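With the working numbering as the guide, the letters of the sequence shown map in order to residues 32 to 173. C-beta: ideal position from N, C-alpha, C; glycine also. Since we're looking at a predicted model, the values are computed, not measured. For reference, the structure is listed below as C-alpha cells.
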Amino acid sequence: FSGYLTSYPSLQLAILRTVVWLPLILLGLEVGASHLVAGNRRAWAAFAGAGLVFGLSVLAGHAQSAMYLLYVSLAFLLVRLWGRPSRRRILAAVGLFLAMGVGISAAQWLPSLEYMRLSTRAGISYTEASSGFKLVDALQLV
32 FSGYLTSYPS LQLAILRTVV WLPLILLGLE VGASHLVAGN RRAWAAFAGA
82 GLVFGLSVLA GHAQSAMYLL YVSLAFLLVR LWGRPSRRRI LAAVGLFLAM
132 GVGISAAQWL PSLEYMRLST RAGISYTEAS SGFKLVDALQ LV
C-alpha cells in the first residue's frame, strides 16, 4: 500500500511481515473509536482486537518497525478521539490496546533481549553504531 512496502522490504521480510499489519490495526482502532464516541460497549472488543493484531506485528520480528506502528497507531487513536469522550475513556482505550499488544508479544521479549546481547552490535560503542555513512559513500549514488 505504498512505495516503501513495494520496494525496500522485499529483501527484508521481517520488516514486511511487521508493517503489513498496519491497516488492520488502524481498522480496529477506527471501529473502536466510532463505537466509543457512540457510547457502544463494542468499542472495547475492537480496541482489544487492534491490540491483539499489534501484538502479532511485534511477533513478526522487526522491533523498529513495530515501534513505528505503535507511534502511528497511538497518534491515529488520539487524533481520532481528540475532544470527544472523556479523558478517562481515552486512557482506558489506549491502555487496553497496549495491554493486549504487550500481552500477546510477551513471549518474544526475553529471547529478543538475549539475542541483542549476543549480536555483533553488542560489541561496538553507541557512537560507532549510531554513525551513518561516510560522505564519500554518497558518490555511489551517481
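Pro54 carries a helical assignment under DSSP once its states are collapsed to helix, strand and coil. Between Ala45 and Ala91, the alpha-carbon positions lie close to 6 Å from each other. Excluding the 5 residues flanking it on each side, Phe128 has same chain C-beta neighbours closer than 6 Å at Phe78, Ala81 and Gly82, in chain order. The three-state reading of DSSP puts Gly82 in helix, counting H, G and I together. Annotation: Ala169 to Ser162 spans about 15 Å, alpha carbon to alpha carbon. When rounded, the separation of the alpha-carbon atoms in Ala76 and Leu60 is 10 Å. Comparing C-alpha distances from His66 to each of Ser143, Leu166 and Leu112 shows the shortest one belongs to Leu112. With distances taken between CA atoms, Leu87 lies nearest to Leu53 out of Thr151, Arg115, Leu42 and Leu53. Pairing Ile56 with Ser96 gives a Cβ-Cβ distance that is not under 8 Å. The alpha carbon of Trp140 has as its nearest neighbour, out of Pro116, Leu149, Ser150 and Val89, the alpha carbon of Val89. Each residue's CA atom was taken as its position, placing Arg119 and Tyr99 some 25 Å apart. In this structure, Leu101 and Ala124 do not form a Cβ contact; the two beta carbons are roughly 14 Å apart against a cut-off of 8 Å. Contact between Pro116 and Val84 fails: their C-beta atoms lie close to 22 Å from each other, not under 8 Å. Following the DSSP letters along the chain, one finds Gln43 in no alpha helix (DSSP H), marked with neither H nor E.
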